[in-house]
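S.K.: Anchor point for the sequence shown: position 63 equals 376 in this note's numbering, and the numbering is continuous, going up by one each time.
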Amino acid sequence: MIETIIVIAIIVFDRISKIWASNTLQQIETIPIWQDVFHLTYRTNTGAAFSILREHTEILAILSFVLSLGLIIYLVRLRRRESFHLG
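1. Can you name, in chain order, every residue of its own chain whose Cβ lies under 6 Å from the Cβ of residue 344, other than the five neighbours on each side?
2. Skipping 5 residues on each side, what residues in its chain have a beta carbon closer than 8 Å to that of residue 342?
3. Note down, in chain order, each residue of its chain lying with its Cβ closer than 8 Å to the Cβ of residue 339, except the 5 sequence neighbours on either side.
4. Got a sec, what are the start and stop residues for the alpha helix (DSSP H) residue 326 sits in?
5. What residue range is occupied by the uninterrupted alpha helix (DSSP H) comprising residue 376?
Structure (structure tokens):
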């Protein structure tokens with residue numbers, strides 16, 4: 314139960330921090346936290362991690378769809394074998 318609460322708290326904090334960053338950091342260039350060491354700066358990333366495929370979002374969309382479909386098919390087949398147990 315505590316794990317669920319921690320996960321929910323992390324997700325809520327993540328969403329709140331993203332909304333704050335989107336509303337605050339877009340309007341200014343950077344916020345220095347530790348001068349010349351650590352600054353908060355707003356950047357958008359349309360690609361995957363480290364902007365991989367940022368120019369080819371259609372490939373990312375197709376890949377996401379295919380992997381999701383594969384996962385669904387796998388779970389359906391696993392459930393049919395009645396060996397799918399949660400917990």
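The C-beta atom is built at its ideal place from N, Cα and C for all residues, glycine as well.
M.R.: Taking the structure as given:
1. As a position in the sequence shown, residue 344 is number 31, starting the count at 1. Contacts found: 353.
2. For the purposes of this step, residue 342 is identified with residue 29 of the sequence shown, where counting begins at 1. So the qualifying residues of the chain are 354.
3. Sequence index remark: in the sequence shown, residue 339 carries index 26 (1-based). Correct list, in chain order: 355.
4. As a first step, residue 326 is located in the sequence shown; it is residue number 13 there, counting from the start. 315–337 is the extent of the alpha helix (DSSP H) around residue 326.
5. By 1-based counting over the sequence shown, the position of residue 376 is 63. Segment 370–393, the alpha helix (DSSP H) holding residue 376.
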